[in-house]
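A quick write-up on the structure given underneath.
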């Protein structure tokens, strides 16, 4: 087993060597601009781009013409939300999203609010899912867009996308989903999900960084977007800029591999994730899973190790790459807003660790991580005044804390 | 973020982890911070009433590596100091000793608060003791 162990596949993934191999010719001998219509270099590039487009479309059940290439999911989310807000301004100015969305969605919505849009941020229930009743109640005759993620990046919780899609369709509202964490990992089908816009990214599915896509529905309804980057009118005028040909080839190849291997790979990861979870529960008391276990990505686990602070935990496992919702690991000094939204208390947010398993995770690694982390948790609990107080029978919630 | 060697050393080999009997009249206990803020420090001193010198100091900390190191260092410094000398320990001393980055300065502030709280608790107990003694 090679150290350090990477178990942070929600942050990014290594590029699959098969993907690198597919990309390489497009840096050198096949370097053409896909917009060059009058020579062989351009034609070769265009052919590669169109193949990539088909591969991405196949992965999400779309028509290739509905795929717009971008620089990644942050751009896709920006284009979808800002593009709809601008294009459908006459129809309304109200957007519905959710408090646990990625910052690329939340901050885009906040910016639109400053420009006069109205945004409803739906709360989530304890399991991390939105309430469909609350969604229905939030809809007004000014609502033009619902943007709800498919799977959360921290807790892996899956939202009831098909049900949300059905509500959106019934009310004639466009529906966008940031599906970055789900695409390539679990079945995602734009027809079944009744989604009109869907964001995805290559580097979360063993492709390269710096390339992603936005699915934009062409029929029932035909979705129009105001361009956010102006220029040569590439990508049906929705996203100008010379196409990242090697990146698109890589995204396409990554999508094809994910599609071919998804069924077996997701089962393999689910088994290993469950092993990780069971072993933790056997070796430690007072650990809490954040978010629904039933509606969850198969390769995600997010656990709070009560009475132990997350950053100090990470320090003790410096040969394992995972992430924590603790404030000390973020620039803002605020604990994870996603975990706070679950209502479990900030103390548990500070104690959380996110495990993201992936294509190269082995059972041996899982066992190593459990053993290592268990030892560190035990050691830090011996050092924790909170653990001592709880063992003495003190109710921590009734304490008067001296905050600073 | 990279940690200084001294922070890593205190994290891996914390000095004086543990608890002193908190009902002992010569023991002062300081409990500062809050779980929802991500750090709680418990720092205790045991004072020799005859000399006013701190004989023993213990800590337990829920917090990041820098918070653990700050409280561990504080207990090291407290031992052998008089109560008055202990009160002169400043958070900035801890910052420079551990080479804490700006985002971790609050850890040193918390350690200073814990020292002050422990000594205040000790003094309060002593006053009570002497007033009990006087009325008896």
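Protein chains in written order, with this note's numbering: chain A, 5 to 408; chain B, 585 to 720.
Where a beta carbon is used, it is the ideal one built from N, C-alpha and C, also for glycine.
request  = Give the DSSP bridge partners of residue 181 (chain A), in chain order.
outcome  = As a first step, residue 181 (chain A) must be located in the first chain, where it is residue number 177. Its beta-bridge partners are A:202.
Taking the CB atoms as reference points, tell me whether residue 77 (chain A) and residue 181 (chain A) lie closer together than 7 Å.
Within the first chain, the letter at position 73 stands for residue 77 (chain A). Within the first chain, the letter at position 177 stands for residue 181 (chain A). Their beta carbons are not under 7 Å apart, which means residue 77 (chain A) does not touch residue 181 (chain A) by this criterion.
(Q) Does the CB of residue 80 (chain A) have a neighbour CB from chain B at under 7 Å? (A) The count along the first chain starts at 1 and reaches residue 80 (chain A) at position 76. Judged by the 7 Å Cβ criterion, residue 80 (chain A) is not in contact with chain B.
Counting only Cβ pairs nearer than 8 Å, list the residues of chain B close to residue 313 (chain A).
If you number the first chain from 1, residue 313 (chain A) lands on position 309. Simply 622, 623, 646, 647, 648, 651.
**Asked** To which residues of the same chain is residue 654 (chain B) closer than 6 Å at the C-beta, ignoring the five residues directly before and after it?
**Response** The residue labelled residue 654 (chain B) in the question sits at position 70 within the second chain. Cβ neighbours of residue 654 (chain B) beyond the five flanking positions: 678, 691, 692, 695.
Check your understanding: Exposed or buried, which one is residue 82 (chain A) when buried takes at least 16 other CB atoms within 10 Å?
Key -> Taking the first chain and counting its residues from 1, one reaches residue 82 (chain A) at position 78. The residue is buried, with at least 16 neighbouring Cβ atoms inside 10 Å.
- Task: Might you give, ordered along the chain, the residues of its own chain that have their beta carbon closer than 6 Å to the beta carbon of residue 207 (chain A), omitting 5 neighbours on each side?
- Result: The residue labelled residue 207 (chain A) in the question sits at position 203 within the first chain. 16, 213.
Requested in this report: Evaluate residue 306 (chain A) with the Cβ neighbour count: other Cβ atoms within 10 Å of its Cβ, from every protein chain shown; 16 or more gives buried, anything less gives exposed.
Outcome: The sequence position of residue 306 (chain A) within the first chain is 302, counting from 1. Burial call: buried.
Check: For residue 720 (chain B), which residues of its own chain have a beta-carbon under 6 Å away from its beta-carbon, when the five flanking residues on both sides are left out?
Finding: Here the question's residue 720 (chain B) lines up with position 136 in the second chain. Confidence at residue 720 (chain B) is low in this model, with a pLDDT of 46, below 50, so the placement of that residue should be treated as unreliable; the coordinate-derived value is given next. Counting only residues of its own chain and dropping the five nearest sequence neighbours on each side, residue 720 (chain B) has no CB closer than 6 Å to any other CB.
Query - Classification of residue 398 (chain A) by the beta-carbon crowding that lies within 10 angstroms, buried from 16 upward - result: Start at 1 with the first residue of the first chain, and residue 398 (chain A) comes out as number 394. Residue 398 (chain A) is exposed by the Cβ-count criterion.
Problem - residue 304 (chain A), enclosing alpha helix (DSSP H) - first and last residue - result: Here residue 304 (chain A) refers to the residue found at position 300 of the first chain. Here residue 304 (chain A) belongs to no alpha helix (DSSP H); instead the beta strand (DSSP E) covers 304-309.
>> Taking the beta carbon of residue 41 (chain A) as the centre, do at least 16 other beta carbons fall within 10 Å, making it buried, or is it exposed?
In response: Position 37 of the first chain holds residue 41 (chain A). Exposed: under 16 other Cβ atoms inside 10 Å.
Is the shortest distance between the beta-carbon of residue 380 (chain A) and the beta-carbons of chain B less than 7 Å? By 1-based counting over the first chain, the position of residue 380 (chain A) is 376. It does not; no Cβ of chain B falls within 7 Å.
If the cut is a Cβ gap below 9 Å, which residues of chain B does residue 89 (chain A) touch? The residue labelled residue 89 (chain A) in the question sits at position 85 within the first chain. For residue 89 (chain A), none of the residues of chain B pass the 9 Å Cβ criterion, the least Cβ distance being about 36 Å.
Practice task
Enumerate, from N- to C-terminal direction, the unbroken alpha helix (DSSP H) stretches of 4 or more residues contained entirely within the stretch 99-165 of chain A.
Solution key: With a minimum length of 4 residues, the continuous alpha helix (DSSP H) runs that stay inside the stretch 99-165 of chain A are 107-118, 136-142.
Item to complete: Run the CB neighbour count on residue 589 (chain B), radius 10 Å, all protein chains shown included, and call it buried at 16 or more, exposed below.
Response: The count along the second chain starts at 1 and reaches residue 589 (chain B) at position 5. Counting the other Cβ atoms within 10 Å of the Cβ of residue 589 (chain B) gives fewer than 16, which makes it exposed.
Is the shortest distance between the beta-carbon of residue 595 (chain B) and the beta-carbons of chain A less than 7 Å? Within the second chain, numbered from 1, the residue matching residue 595 (chain B) stands at position 11. Output row for residue 595 (chain B): interface = yes.
request  = Give the DSSP-derived three-state secondary structure of residue 243 (chain A) in the structure shown.
outcome  = Residue mapping note: residue 243 (chain A) aligns to position 239 of the first chain, counting from 1. Three-state DSSP puts residue 243 (chain A) in coil, outside helix and strand.
How should residue 591 (chain B) be labelled, buried or exposed, when 16 other C-beta atoms within 10 angstroms of its C-beta is the threshold for buried? Taking the second chain and counting its residues from 1, the one referred to as residue 591 (chain B) is at position 7. Taking every protein chain shown into account, the CB of residue 591 (chain B) has 16 or more other CB atoms within 10 angstroms, so this residue is buried.
- Query: Quick one: is residue 331 (chain A) near chain B, going by C-beta distance under 7 Å?
  - Reply: In the first chain, counting from the first residue as 1, residue 331 (chain A) sits at position 327. At least one CB of chain B lies nearer than 7 Å to the CB of residue 331 (chain A).
task: Identify the continuous alpha helix (DSSP H) that holds residue 678 (chain B) and give its terminal residues.
output: In the second chain, the residue the question calls residue 678 (chain B) occupies position 94. In this chain, the alpha helix (DSSP H) harbouring residue 678 (chain B) covers 675-682.
9 Å Cβ cut-off: residues of chain A touching residue 601 (chain B): Counting from 1 along the second chain, the entry for residue 601 (chain B) is found at position 17. Those within 9 Å of residue 601 (chain B) in chain A are 386, 387.
Residue 254 (chain A) versus residue 261 (chain A): straight-line alpha-carbon distance, rounded:
On the first chain, residue 254 (chain A) is found 250 positions in, with the first residue counted as 1. On the first chain, residue 261 (chain A) is found 257 positions in, with the first residue counted as 1. When rounded, the separation of the alpha-carbon atoms in residue 254 (chain A) and residue 261 (chain A) is 11 Å.
- Message: Does residue 720 (chain B) come out as helix, strand or coil in the three-state DSSP assignment?
- Response: Locating residue 720 (chain B) in the second chain gives position 136, where the first residue counts as 1. Here the model assigns residue 720 (chain B) a pLDDT of 46, short of 50, so the residue's position is not dependable and the matter cannot be decided.
Worksheet item: Are the stretch 16-26 of chain A and the stretch 361-375 of chain A in contact at 8 Å, needing three or more beta carbon pairs?
Response: Because the criterion of three Cβ pairs below 8 Å is met, the stretch 16-26 of chain A and the stretch 361-375 of chain A touch.
Please report whether the beta-carbon of residue 707 (chain B) lies at a distance below 7 Å from any beta-carbon of chain A.
For this step, residue 707 (chain B) is matched to residue 123 along the second chain. With 7 Å as the cut-off, residue 707 (chain B) does not count as an interface residue toward chain A.
Inset, instruction - Using a threshold of 7 Å, state whether the C-beta atoms of residue 169 (chain A) and residue 198 (chain A) are closer than that. - result: What you label residue 169 (chain A) is simply residue 165 of the first chain in a count that begins at 1. What you label residue 198 (chain A) is simply residue 194 of the first chain in a count that begins at 1. For the 7 Å CB-CB criterion, residue 169 (chain A) and residue 198 (chain A) form a contact.
Does DSSP put residue 618 (chain B) in a helix, a strand or coil?
One-based indexing of the second chain puts residue 618 (chain B) at position 34. In the structure shown, residue 618 (chain B) sits in a strand (DSSP, three-state: E or B).
- prompt: What number of angstroms, rounded off, separates the C-alpha of residue 24 (chain A) from the C-alpha of residue 209 (chain A)?
  reply: As a first step, residue 24 (chain A) is located in the first chain; it is residue number 20 there, counting from the start. As a first step, residue 209 (chain A) is located in the first chain; it is residue number 205 there, counting from the start. Cα to Cα, residue 24 (chain A) sits roughly 13 Å from residue 209 (chain A).
**Request:** Could you spell out the range, first to last residue, of the beta strand (DSSP E) harbouring residue 359 (chain A)?
**Result:** As a first step, residue 359 (chain A) is located in the first chain; it is residue number 355 there, counting from the start. Unbroken beta strand (DSSP E) run through residue 359 (chain A): 356-360.
| said: For residue 626 (chain B), would you say it is in contact with chain A, using Cβ-to-Cβ distances shorter than 7 Å as the test? | reply: Position 42 of the second chain, counted from the first residue, corresponds to residue 626 (chain B). It does: the Cβ of residue 626 (chain B) has a partner Cβ on chain A nearer than 7 Å.
- Query: Candidates A:123, A:196, A:153, A:200: which alpha carbon is nearest residue 70 (chain A)'s?
  - Reply: Numbered from 1 along the first chain, position 66 holds the residue referred to as residue 70 (chain A). When only C-alpha atoms are compared, the closest one is A:200.
Give me the subset of the stretch 348-364 of chain A whose CB atoms are less than 7 Å from a CB atom of chain B, sorted by chain position.
Taking a C-beta cut-off of 7 Å against chain B, the contacting residues of the stretch 348-364 of chain A are 349, 350, 351, 354, listed in chain order.
(message) Can you list, in chain order, the residues of its chain with a C-beta nearer than 6 Å to that of residue 263 (chain A)? Leave out the 5 residues immediately preceding and following it.
(response) On the first chain, residue 263 (chain A) is found 259 positions in, with the first residue counted as 1. Here residue 263 (chain A) has 63 as same chain residues with Cβ atoms under 6 Å from its own Cβ, once five neighbours each way along the sequence are excluded.
- prompt: Could one say the Cβ of residue 340 (chain A) lies closer than 7 Å to chain B's Cβ atoms, at least one of them?
  reply: The residue you call residue 340 (chain A) lines up with position 336 of the first chain. For residue 340 (chain A), no CB of chain B lies under 7 Å from its own CB, so it is not counted at the interface with that chain.
> Going by other Cβ atoms of all chains shown within 10 Å of its Cβ, with 16 needed for buried, is residue 218 (chain A) buried or exposed?
Replying inline: Start at 1 with the first residue of the first chain, and residue 218 (chain A) comes out as number 214. Counting Cβ neighbours within 10 Å, residue 218 (chain A) comes out buried, since at least 16 surround it.
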